[in-house]
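Here's the structure, in structure tokens; my notes come after.
Protein chains: 2
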Amino acid sequence: MHKRPWNRLTPAIAALMVLSAPALAQDDDAFYRDMFEPLPALPPIPADNSMTREKIELGKMLFFEPRISSSGVISCATCHNPALGWTDRIPRAVGHLGQEGSRNTPTVLNAGFLEAQFWDGREATLEGQALGPIAADVEMAMDLDQAVARLQEFETYREHFAAAFPDDAEPINADNVAQAIASFERTLNTPNSPFDRYLRGDEGALTEDQIAGMRLFVDVGCASCHNGPVLSDSNYHVFDAPGSEDEGRFVVTGDEADRFAFRTPTLRNVAVTYPYFNNGSVEDLHQAVYMMGDQMLGYEFTDGELDQVVAFLHALTGEMPAITPPALP
Amino acid sequence: MHKRPWNRLTPAIAALMVLSAPALAQDDDAFYRDMFEPLPALPPIPADNSMTREKIELGKMLFFEPRISSSGVISCATCHNPALGWTDRIPRAVGHLGQEGSRNTPTVLNAGFLEAQFWDGREATLEGQALGPIAADVEMAMDLDQAVARLQEFETYREHFAAAFPDDAEPINADNVAQAIASFERTLNTPNSPFDRYLRGDEGALTEDQIAGMRLFVDVGCASCHNGPVLSDSNYHVFDAPGSEDEGRFVVTGDEADRFAFRTPTLRNVAVTYPYFNNGSVEDLHQAVYMMGDQMLGYEFTDGELDQVVAFLHALTGEMPAITPPALP
């Protein structure tokens, strides 16, 4: 079995890994709340891609633009579907010619807060991520030069690229496609979940079960990896999803320690971004939580505890971005 | 050549076919305006499918639901894409496994006003049309029983179908899927185009070129078939699109007179629903108008006339429905 030793640490030690001096016996839940952070209004904006209205608007057009796929009908929004939590809710992505990819589609929601993109973290930024699916044979299957050439045919795109990148003599190019899409994606955040309201001081925002679930989530050790504003450490951990033969991060680094390791996914909106794991092999959230406890923490949740943790996870569903489809040329 | 004799009628006679006693020499444009009708707020509602808020909401969900396709990623909205004038703006529809169909995707916009659906009119109503693409091998490729079974798995759909069809003991069935989708589609209308405002008395709503184009459109005979609120007679006419071998209405009726005949498409929003003709073989609106004049009316538009008619056709672009994607279960 490809397990790292800490996968079998006891819950107490797992908690210790995060907090050097935990004060578990406090009267209120400040200890628990401090593991997390309300979702900021915006993720970090890179210095070399300032976020302008023009870029966001253009990025939204490109995100919904199927004519930069070789079939002409697949866009970013096909798999990152606004109607489906900005993912596809099927086990593995289906793209060009109906081919099935090997991995589950991650949601775009709050992705700007992650420090590693894709399940294997092969790109650090949204800009780095954006062009991958356009070119991938099993996704949009479009040569990037052809995609750029297609966009250049439209006067509307020529105007929008010029407005978004006023300093560029030839603004329609692959880098700018990536910058615009990334700028749009940084607007796709889900603030004001019950958990955010709770973290900001509204104690009534969570039910008793949800608060109990939050405590369990921390005490058992889930928060060792699922912490911070999007409940992900953006780091890599070995996990063995049912039926998966995917070597994960190892494919990127060639480092044996990375074999079968995957980037910790965000848990924000986890209740509406099923199915779970790198290969989408588990549809039920109770089952997913049980397996994570068992495999990552050596902890066997009882049915009652699972109900509470799942109740807590439902409190991570925030307000979906209100998006109307753009009018494409 | 498969031409009907009236395809070569002179413009004057073509005009006579529509109006028995045309008064061509009026001072104002009342004669021309009377050929058309401002778009009503809603199309006719069938007696056996009353339009309720619950049906519309459910129909919107189903319209955007890709999990009733066998790949799990193709929905009605894939080809009838809100970002692309509720069509796909490619020559021929691309569906399951990337297969290309033989016909251009008609827009859903204002489709409730047509008395015949599909290019060959094989269904009269939106209810009759709605299930075809779900089951078609080259579109969503989903067995209808399987589609219904898939919907039954979701508590949210069970609730929505029960609310939309309160008198049905088993409300989730294919007929009700069709009724709900049709109800939603009847909301997808595009009122208040410049031409509508002109027809209602706002003489400044059209430019001089657009008014000249409207007159030409009537005088040359286009309005013989393109008349009424959506500028379609919902009838069948033989047309020979470049490269088409499609037998059209003949496939439905077996009637020799219908060979190569197609239902007159609506011209509402024609400027944003390119490419044109049954096989999407022509992308340019000037070229499409020229070919229609030449082939259907034996009239060769000059370049200046084409500009005017095309300007008029641009005045048929109305207000797009403001749709936010539904939140699917």
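Just so you know, the sequences run in chain order C and E.
Just so we're aligned: 93 in UniProt numbering is position 93 of the first sequence, and the numbers increase by one with no gaps anywhere.
Just so we're aligned: 150 in UniProt numbering is position 150 of the second sequence, and the numbers increase by one with no gaps anywhere.
Backbone N, C-alpha and C fix where the C-beta goes; we use that ideal spot for every residue, glycine too.
Here the structure is a predicted model, which is why all the values come from computation and not from measurement.
Runs of beta strand (DSSP E) with 3 or more residues, each lying fully within the UniProt domain "Cytochrome c" (208–317) of chain E, are found at 236–238, 261–263, listed in chain order.
About 17 Å separates the beta carbons of Tyr299(E) and Leu285(E), which is beyond the 8 Å limit, so they are not a contact pair.
Contacts with chain E (Cβ-Cβ distance below 9 Å) from the region 175–191 of chain C involve no residue at all. Counting along the chain, the unbroken alpha helix (DSSP H) around Gly59(C) starts and ends at 53–63. In summary, no residue of the region 275–292 of chain C has a CB separated from any CB of chain E by less than 8 Å.
The region 209–216 of chain E and the region 303–314 of chain E touch, with three or more beta-carbon pairs separated by less than 8 Å.
Between Gly304(C) and Asn278(C), the C-beta spacing is not below 8 Å. The three-state reading of DSSP puts Glu319(E) in coil, since its state is none of H, G, I, E or B. For Ser71(E), the nearest CB of chain C lies under 8 Å from its own CB, placing it at the interface with that chain. Interface annotation for the region 307–327 of chain E against chain C: Met320, Ala322, Ile323, Thr324, Pro325, Pro326, Ala327, criterion Cβ-Cβ distance under 9 Å. Against chain E, the beta carbon of Pro82(C) has neighbours under 7 Å at Pro325, listed in chain order. For the region 94–106 of chain C, the beta-carbon criterion of a distance under 9 Å to any beta-carbon of chain E is satisfied by Val94, Gly95, His96, Leu97, Gly98, Gln99, Glu100. Between Thr156(E) and the set Glu65(E), Val272(E), Thr207(E), Ser50(E), the nearest pair of CA atoms involves Glu65(E). Neighbourhood of Asp88(E) in chain C, by CB distance below 8 Å: Pro66, Gly72, Val73, in chain order.
The beta-carbon of Thr156(C) is placed no less than 8 Å from the nearest beta-carbon of chain E.
Proximity of Thr273(C) to chain E, defined by a Cβ-Cβ separation below 8 Å, is not satisfied. Gly98(C) is positioned such that its CB atom lies no closer than 8 Å to that of Arg263(C). The beta-bridge partner set that DSSP reports for Phe36(C) consists of Gly228(C). In this structure, Phe260(C) places its C-beta atom within 8 Å of the C-beta atom of Phe250(C). Among the CB atoms of chain C, none fall inside 8 Å of the CB of Thr264(E). In this structure, the alpha-carbon of Gly59(E) lies about 21 Å from that of Thr87(C).
Glu153(E) carries a coil assignment under DSSP once its states are collapsed to helix, strand and coil.
Short of 6 Å from the beta carbon of Leu109(E), and not among the five residues preceding or following it, lie these beta carbons of its own chain, in chain order: Trp86, Leu188, Thr190, Asn269. In this structure, Val272(E) lies near Thr317(E), with their beta-carbon atoms less than 8 Å apart.
DSSP, read as helix, strand or coil, puts Asn176(C) in helix. When the Cα atoms are used, Ser232(E) and Glu170(E) turn out to be separated by approximately 38 Å. Shown here, Val94(E) sits in a strand according to DSSP, grouped into three states. Its chain contains Ala141, Met142 as the residues whose beta carbon lies nearer than 6 Å to that of Ser70(E), once the 5 sequence neighbours on both sides are disregarded; these appear in chain order.
Going by beta carbons, Arg197(E) and Pro43(E) fall outside the 8 Å limit. Looking from the CA of Ala136(E), the closest CA among Ile68(E), Ser183(E), Gln152(E), Phe165(E) belongs to Ile68(E). The C-beta separation of Leu199(C) from Pro40(C) comes to about 12 Å, leaving the pair out of contact by the 8 Å criterion. In the structure shown, the three-state DSSP call for Glu185(E) is helix.
Approximately 19 Å separates the beta-carbon atoms of Ala130(C) and Ala163(C); this is outside 8 Å, ruling out the contact.
Residue state for Gln99(C) is assigned as coil, using DSSP reduced to three classes. Ranked by how close their Cα comes to the Cα of Ala327(E), the residues Tyr32(E), Thr52(E), Leu62(E) have Leu62(E) in first place.
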